[in-house]
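Here is the structure we will look at, set down as structure tokens.
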Amino acid sequence: MARKRNPNGAGSIWQRKDGRYEARVYVPQPDGTRKRKTVYGATWEECDAKRQELVRRDRQGIPTPTRSAKLSEWLPYWLEQFIKDDRKKTTYAKYETHVRLYLIPNIGTKRLENLGAADVRRMLATVSTQASPATAKESHRVLRSALSAACREELISRNVAKLVPAPRVEQRELKPWDLEQTMTFLEAARGDALYAAFVLAVALGLRRGEVLGLRWSDIDLERRALTVRNQIQRVQNELYADSTKNRRSRVIPLPLMCVPPLRWQRLRQATQRDAAGADWLGSDYVFTTRTGRTVEPMNLSRSFQRITEVAGLPRIRLHDARHGCATLLFAAGVPARVVMEILGHSQIAVTMNIYTHVSDEHRREAMGHMDRLLKRTK
């Protein structure tokens, strides 16, 4: 009985002069084009099974390269198809930078199936020299993720990046301000237009973007509660509102010290609105410019550094105020789980390993307890 013809797009099968069967199917490529893929089989059934698999992958939009794709082809495709719509814009921008500056220049000519552990090691050594071990470690993470996606797409059988350890990076020593220095900063910032923002950053440990993403609808001054739902970010020349880092909102009780600055900010903003008149850009954001527009994140950091310098304090980043908040909370005896919820971490290990700094005073106090415990009675 004659075999039925396959429908359009499903390919065709015929017998070769050497007795084997051959099928050809047009399939999508990692770069978005379509090319003809050829498969062979000792029997018609074996060849047809391979043909059907190609058709299945085509209908599911899974690329089947007619040849092993180069890293310079796969990495941009992976960014667009796997990262751009599923991850935050900040993540996409970071990955794109590593792909463009470090991965493609160093291993872009290698084909996926030919990439070896030695190639990855050489790339990491080069990036460590050109930039830093921390940058090389991040490039390793990006490459590992891209190759994992290639494995899931059945383009390669193993992820060689997993065979190569990432460079070891010495953690930056954190030296947040102590209580006296923190109070000195707040006193120096009292006359600044962004004073309330600094109070929230210091007292609640809010991230920079979270401070600027606060809306008046997120704040209940009567019940003294604040809900962190959004953040303001600037990525690739775009200023936009986004969800929080871990995509979860959190409610934080407001300390009494935060209430007067927020009331002052509301009055100040109302005055600016009246002065701007028709030029005022209406929004519900707590911190805005003189015309109601969103405050640039970098401007908040610049104001922080300017006040720090005027106050004669050790130079730290605005984000380090978050570290200081965690340290003060731990010093006050607040449980780690509560500190984790206030800071908005997804794992308590982050809170314990990164955001706490033990001062010399507390270390001496701890060893003083040991003195009393182990002191022999005469």
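Those letters in the sequence shown? Residues 1 to 378, by this note's numbering.
Each residue gets a CB set at the ideal place from its N, CA and C atoms; glycine is no exception.
- DSSP places residue 23 inside the beta strand (DSSP E), whose first and last residues are 21-28.
- Pairing residue 89 with residue 232, the inter-Cα distance amounts to about 12 Å.
- Taking C-beta atoms as the reference points, residue 294 and residue 276 fail to come closer than 8 Å.
- In the three-state reduction of the DSSP assignment, residue 233 falls in the strand class.
- The continuous stretches of beta strand (DSSP E) do not include residue 177, and DSSP gives it neither H nor E.
- Fully enclosed alpha helix (DSSP H) runs of no fewer than 4 residues occupy 179-188, 195-204, 208-212 of the segment 152-217, in order along the chain.
- In this structure, residue 147 sits away from residue 69, with a CB-CB distance that is not shorter than 8 Å.
- For residue 219, the secondary structure class from DSSP, reduced to helix, strand or coil, is strand.
- Cβ-Cβ separation between residue 286 and residue 265: approximately 6 Å, consistent with a contact (criterion under 8 Å).
- Take residue 203, set aside five residues on each side of it, and the residues of its chain with a beta-carbon closer than 8 Å to its own are 255, 257, 258, 325, in chain order.
- Residue pairing from DSSP places residue 241 in a beta bridge opposite 232.
- The secondary-structure analysis by DSSP pairs residue 12 across a beta bridge with 24.
- Taking C-alpha positions only, residue 35 is separated from residue 67 by approximately 10 Å.
- Beta bridge pairing from DSSP links residue 36 with 26.
- Measuring C-alpha to C-alpha distances from residue 205 to each of 282, 283, 252 identifies 252 as the nearest.
- Of the candidates 283, 160, 246, 298, the residue whose Cα lies closest to the Cα of residue 215 is 283.
- By the C-beta criterion, the segment 178-185 is judged not to be in contact with the segment 93-100, since fewer than 3 inter-stretch pairs fall below 8 Å.
- Restricting attention to 226, 71, 267, the CA atom closest to the CA of residue 145 is found in 71.
- If you look at residue 76, you'll find it isn't in any beta strand (DSSP E); it sits in the alpha helix (DSSP H) that goes 71-78.
- The continuous stretches of alpha helix (DSSP H) do not include residue 251, which lies in the beta strand (DSSP E) extending over residues 250-253.
- As the crow flies, the alpha-carbon of residue 57 is around 7 Å from that of residue 63.
- The Cβ-Cβ distance between residue 99 and residue 142 falls below 8 Å.
- The residue among 133, 235, 247 with its C-alpha nearest the C-alpha of residue 168 is 133.
- Burial of residue 75 is indicated by the presence of at least 16 other C-beta atoms within 10 angstroms of its C-beta.
- As the crow flies, the alpha-carbon of residue 327 is around 10 Å from that of residue 334.
- Residue 247 carries a coil assignment under DSSP once its states are collapsed to helix, strand and coil.
- With a beta-carbon spacing of about 5 Å, residue 297 and residue 208 fall inside the 8 Å limit used to define contacts.
- Contact between residue 331 and residue 201 fails: their C-beta atoms lie close to 18 Å from each other, not under 8 Å.
- Of the candidates 305, 158, 165, 305 places its Cα closest to the Cα of residue 198.
- Below 8 Å, too few C-beta pairs join the segment 186-197 and the segment 105-122 to call them touching: fewer than three.
- Residue 300 sits away from residue 186, with the two beta carbons spaced by 8 Å or more.
- The DSSP-derived three-state label of residue 226 is strand.
- Under the three-state reduction of DSSP output, residue 111 falls in the strand class.
- A direct Cα-Cα distance of roughly 20 Å separates residue 125 from residue 111.
- About 5 Å separates the beta carbons of residue 196 and residue 262, which is inside the 8 Å limit, making them a contact pair.
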